[in-house]
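This note's numbering numbers the first residue of the sequence shown as 2 and each following residue consecutively. All residues carry an ideal CB built from backbone N, CA and C; glycine is no exception.
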Amino acid sequence: MPSRAEKLTRGRTSAGIVAQRLLTSAAMVGIDMSGRRVLVMGVTNKHSLGWAIAERLIAAGATVGFTYQGERLKGSVEGLAEELEDCPVLPCDVTVEEELSRVFAELGERWGSLDGVVHAIAFAPREAMLGRYIDTTPADWVTALSVSAYSLVAIARHAEALMNEGAAMVTLTYYAAEKVVPKYNVMGVAKSALEASVRYLAYDLGPKGIRVNAVSAGPVKTVAARSIPGFMAMYTKVAEMAPLQRGVSHEEVGNLGLYLLSPLSSGTTGETVYVDSGYHVMGMQLPEE
Ligand code: NAP
2 MPSRAEKLTR
12 GRTSAGIVAQ
22 RLLTSAAMVG
32 IDMSGRRVLV
42 MGVTNKHSLG
52 WAIAERLIAA
62 GATVGFTYQG
72 ERLKGSVEGL
82 AEELEDCPVL
92 PCDVTVEEEL
102 SRVFAELGER
112 WGSLDGVVHA
122 IAFAPREAML
132 GRYIDTTPAD
142 WVTALSVSAY
152 SLVAIARHAE
162 ALMNEGAAMV
172 TLTYYAAEKV
182 VPKYNVMGVA
192 KSALEASVRY
202 LAYDLGPKGI
212 RVNAVSAGPV
222 KTVAARSIPG
232 FMAMYTKVAE
242 MAPLQRGVSH
252 EEVGNLGLYL
262 LSPLSSGTTG
272 ETVYVDSGYH
282 VMGMQLPEE
């Protein structure tokens with residue numbers, strides 16, 4: 002059965018000529034990131050969502066570099082980067098201004114400029130996620146907001162001078178920014194601040210042609226996720242309730258990150274985009290009949 006485009010190409014109408022062009026270029030539509038340099042911040046191991054995005058970037062031809070927090074993770078991240086060409090692997094605790102300055106100075110010397118930054122970093126003390134939100138201490142509030150939300154602002158400020166026109170920043174967020182997810186507590190508030198920061202940073206950097214977006218991922222098994230009390234229950238519940246009736250894979254999160262860093266999403270900024278099997282569109286679940 003001929004496709005609609007094939008039927009159109011049979012006549013010599015202008016629509017037919019356009020359709021012919023579409024047919025011949027169809028195989029060429031893809032994401033080509035060759036020649037683009039992207040820094041991925043916040044990788045612990047091969048299960049990290051930062052690594053999931055890095056894998057897809059690499060598959061699309063990008064050059065990637067990594068930062069990790071502290072000596073403890075050095076070997077693991079260097080192991081992942083071992084086979085990659087021109088891949089800086091640098092330590093960076095994002096709460097330390099001097100470490101941020103050093104990372105972007107080193108990147109400036111090595112790469113000269115940047116086409117993308119992935120922010121895959123979050124932390125809240127476990128005690129702040131065990132009890133009631135009302136009991137959050139000032140210290141835990143500051144830690145969670147500072148590591149998980151302010152760090153994006155600090156990174157954007159340090160990266161700004163290096164980012165080329167057309168560059169993009171991507172951060173990772175979660176639905177608990179908008180609705181109550183029990184136990185997520187102060188981390189939900191940190192994600193709200195993160196999503197608001199994405200909008201303000203998009204406004205600040207837009208005139209330079211730099212975009213900023215957030216990937217809102219459904220639960221995926223990673224080190225950070227497993228440290229959230231009740232994570233496995235959350236994981237199962239999403240698969241039960243989501244329209245697609247399953248969770249999401251690392252690769253699906255990576256693909257959305259890649260898209261938002263690529264020129265294919267050139268008209269999108271300040272946005273929170275979901276990869277959660279559609280869970281966030283549900284308002285209610287009824288018992289099975
Ligand atoms: P992950 O592999 O544990 O990555 C989180 C990273 O943040 C770790 O490498 C961690 O380092 C780093 N980090 C924490 N504090 C830091 C600091 N002060 N300076 C620099 N790095 C720091 O877990 P992940 O799930 O991939 O998390 C990545 C992002 O995805 C987070 O923003 C998370 O909230 C978000 N997210 C995850 C899910 C999910 O279900 N997994 C869903 C939605 C959103 P350490 O290991 O040293 O602490």
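query: Residues with a Cβ closer than 5 Å to any heavy atom of the ligand NAP, in chain order?
result: This criterion selects Gly43, Thr45, Ser49, Leu50, Gln70, Asp94, Val95, Thr96, Ala121, Ile122, Ala123, Phe124, Val148, Leu173, Tyr175, Ala218, Pro220, Val221, Thr223, Val224, Ala225 and Ala226.
Counterpart residues of Ser217 in DSSP-defined beta bridges: For Ser217, which the question treats as bridged, DSSP gives the partners Thr174 and Tyr275.
- prompt: How would you call Ala168, buried or exposed, if buried means at least 16 neighbouring beta carbons within 10 angstroms?
  reply: Ala168 is buried by the Cβ-count criterion.
task: Tell me, to the nearest whole angstrom, how far the beta carbon of Ser217 is from that of Tyr260; I am working on the premise that it is less than 8 Å.
output: No, Ser217 and Tyr260 are not in contact; Cβ-Cβ is about 14 Å, not under 8 Å.
field: Complete runs of the beta strand (DSSP E) confined to the region 200-274 [at least 3 residues]
entry: Listed in chain order, they are 212-218.
- request: Return the bridge partner residues of Leu169 from the DSSP annotation.
  value: Note that residue 169 is Ala in the sequence shown, not Leu. The secondary-structure analysis by DSSP pairs Ala169 across a beta bridge with Gly117 and Arg212.
message: Considering only heavy atoms of the ligand PLP, does any lie closer than 7 Å to the CB of Ala226?
response: With respect to small molecules bound, the structure shown includes the ligand NAP and not the ligand PLP.
Residues that DSSP places opposite Val41 in a beta bridge: BP columns for Val41 point to Phe67 and Val119.
- request: Give the DSSP-derived three-state secondary structure of Arg139 in the structure shown.
  value: Just to set this straight, residue 139 is Pro in the shown sequence, not Arg. Note: Pro139 maps to helix in three-state DSSP.
task: Grab the span of the beta strand (DSSP E) containing Leu91 for me, first residue to last.
output: For Leu91, the uninterrupted beta strand (DSSP E) run begins and ends at Val90 to Pro92, by DSSP.
Where Lys192 falls, given that 16 or more other Cβ within 10 Å makes a residue buried: In the assembly as shown, Lys192 is a buried residue. Its beta-carbon has 16 or more other beta-carbons within 10 Å.
query: Contact between the region 243-255 and the region 193-205: three or more CB pairs below 8 Å?
result: Contact fails: fewer than three Cβ-Cβ distances are below 8 Å.
message: What does the Cβ neighbour count give for Gly132, buried or exposed, with the cut at 16 atoms within 10 Å?
response: Its Cβ having fewer than 16 others within 10 Å, Gly132 is exposed.
- request: Please name the residue, chosen from Glu128, Leu206 and Phe232, that lies closest to Tyr175 on a Cα-to-Cα basis.
  value: For the residues Glu128, Leu206 and Phe232, the minimum Cα distance to Tyr175 belongs to Phe232.
- prompt: What separation, rounded to the nearest whole angstrom, lies between the Cα atoms of Val154 and Glu100?
  reply: About 15 Å.
- prompt: In this structure, what does DSSP give as the bridge partners for Met164?
  reply: Met164 pairs with Leu115.
message: Is it buried or exposed, Lys8, if we count other Cβ atoms within 10 angstroms and call 16 or more buried?
response: At Lys8, the pLDDT of 47 sits below 50, so the modelled position is not reliable and the matter cannot be decided from this model.
query: Skipping 5 residues on each side, what residues in its chain have a beta carbon closer than 6 Å to that of Gly255?
result: Sequence-distant Cβ neighbours of Gly255 in its own chain, meaning closer than 6 Å and more than five residues away, are Ala53, Ile54, Glu56 and Arg57.
- prompt: In terms of residues, what are the limits of the alpha helix (DSSP H) holding Ser49?
  reply: First-last for Ser49: undefined, no H or E at that position.
query: Touch check for the region 273-287 and the region 206-225: three-plus C-beta pairs under 8 Å?
result: Touching, yes, given that three or more Cβ pairs across the two stretches are closer than 8 Å.
- prompt: Can you round the beta-carbon distance between Val104 and Ile122 to whole angstroms, since I take them to be within the 8 Å contact cut?
  reply: Actually they do not touch by this definition, with Cβ atoms about 13 Å apart.
- request: Taking all protein chains shown into account, decide if Ala203 is buried (16 or more other Cβ within 10 angstroms of its Cβ) or exposed.
  value: Answer is buried; the Cβ neighbour count reaches 16.
field: Proximity to Met34 [Cα-Cα], best of His281, Glu272, Pro264 and Val282
entry: The residue with the shortest Cα to Cα distance from Met34 is Pro264.
- prompt: Taking Cβ to Cβ, would you say Asn165 is nearer than 8 Å to Asp116?
  reply: Closer than 8 Å, so yes.
query: In or out: Gln286 buried (at least 16 other Cβ within 10 Å) or exposed?
result: It counts as exposed.
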